[in-house]
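Participant: Residue numbers (this note's numbering), protein chains in the order written: chain X, 1 to 149; chain P, 150 to 298.
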DNA sequence: GTAACTGCAAAAACTTTGCTGAGTT
DNA sequence: AACTCAGCAAAGTTTTTGCAGTTAC
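Now the structure itself:
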């Protein structure tokens, strides 16, 4: 995401917070901005490391609380992930996922060709909103032609 | 899954373990079978409760170790999930996922129409193997026209 | 007999909670 | 001034680890 895009998002973010009656604290802004700047769907702990230099007094509990708050507002997404920690993403645009079947790492990709696929509408008891594609395979590091981890 | 299918899978499972040099312990067999019998993608703890009646001395650590071992062999799948515990599935067939954007619950569905979609091949640094579709929306409980959780 | 595995208990990692002082509106 | 929030520390969960005795081969 370009710096310009980020600033525009941060501004919208401010509005959205005000609408919802949330204070605009430096912590919230910094955490949100850091999430936008992270392309790698960070875990709370990773986000914490990233934000700490700017806000040395920040606590990990605040990261958790903030992420939960923002997820409820729909400003960030909590992602389904494997492994034992939660993952978050500030990119709410249409995008798909590459999942490495060996190391479990996930990254984003976009493909206009795939965007044409419509969510199936006839599923009983489920109201489809949108759809994301997970492509499973081997990432660069685990590449084809390697033995194991 | 029918009992007959389950037995056939368990048999294949035995072969696969032998090939890999793994012992066929009662714990492993029971855990694997319990997973096949569970349609609900259980967390380790839930699987533990299910298996305990049959193996009262079983420990939770064994569940974790076993699931990791079997996942590495490709005999069970660890699923991406939101929330704070890992989820596993013994169903390795082609299927897709319904993810509730409100409560986070995930369930399986199949749709032959979607099975035709080929994994995109031109992604740089990534070798695509297969693809799964996540349909996001509202499940029956959270249904459209509800206020919140 | 050897190698692999389970159970246990302890430790580590991750997440949530309650409270108090500080910051935002 | 009222209300919301951050930081802290403690508690609660979930997951991993090391080791000794047991089991599968």
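Built from N, CA and C at the ideal position, the CB exists for glycine as well.
In this text, all values refer to a predicted model and were calculated from it rather than measured experimentally.
#1: What residue ranges within the region 2-38 of chain X form continuous alpha helix (DSSP H) runs of no fewer than 4 residues, ordered along the chain?
#2: Please report the straight-line C-alpha distance between residue 40(X) and residue 152(P), rounded to a whole angstrom.
#3: Can you find the residues in the same chain that come closer than 6 Å, C-beta to C-beta, to residue 109(X), ignoring five residues on each side of it along the sequence?
#4: Please list, in chain order, the chain X residues whose beta carbon lies closer than 9 Å to that of residue 288(P).
#5: Check whether the region 133-140 of chain X touches the region 169-182 of chain P, counting contact only when three or more Cβ pairs, one atom from each stretch, lie closer than 8 Å.
#6: Go ahead and pull the three-state DSSP assignment for residue 111(X).
#7: Would you mind stating whether residue 80(X) and residue 231(P) have Cβ atoms separated by less than 8 Å?
#8: Would you mind giving the Cβ-Cβ distance between residue 133(X) and residue 280(P), rounded to the nearest angstrom? I have them listed as a contact below 8 Å.
#9: Counting along the chain, where does the alpha helix (DSSP H) carrying residue 222(P) start and finish?
#10: Does DSSP put residue 196(P) in a helix, in a strand, or in coil?
#11: Taking the beta strand (DSSP E) that residue 286(P) belongs to, which residues open and close that run?
#12: Around the Cβ of residue 184(P), are there at least 16 other Cβ atoms within 10 angstroms (buried) or fewer (exposed)?
#13: Is it true that the CB of residue 250(P) sits closer than 8 Å to the CB of residue 129(X)?
#14: Taking only beta-carbon positions, decide if residue 63(X) is within less than 8 Å of chain P.
#15: Would DSSP call residue 76(X) helix, strand or coil?
#16: Beta carbon of residue 86(X), beta carbon of residue 256(P): below 8 Å?
#17: Run down chain X in chain order and give the residues with a C-beta less than 9 Å from the C-beta of residue 231(P).
Facilitator: The structure says:
#1: 3-19, 26-37
#2: 42 Å
#3: 96, 98
#4: 125, 126, 127
#5: no
#6: coil
#7: yes
#8: 6 Å
#9: 209-222
#10: helix
#11: 275-288
#12: buried
#13: yes
#14: no
#15: coil
#16: no
#17: 78, 79, 80, 81, 86, 87
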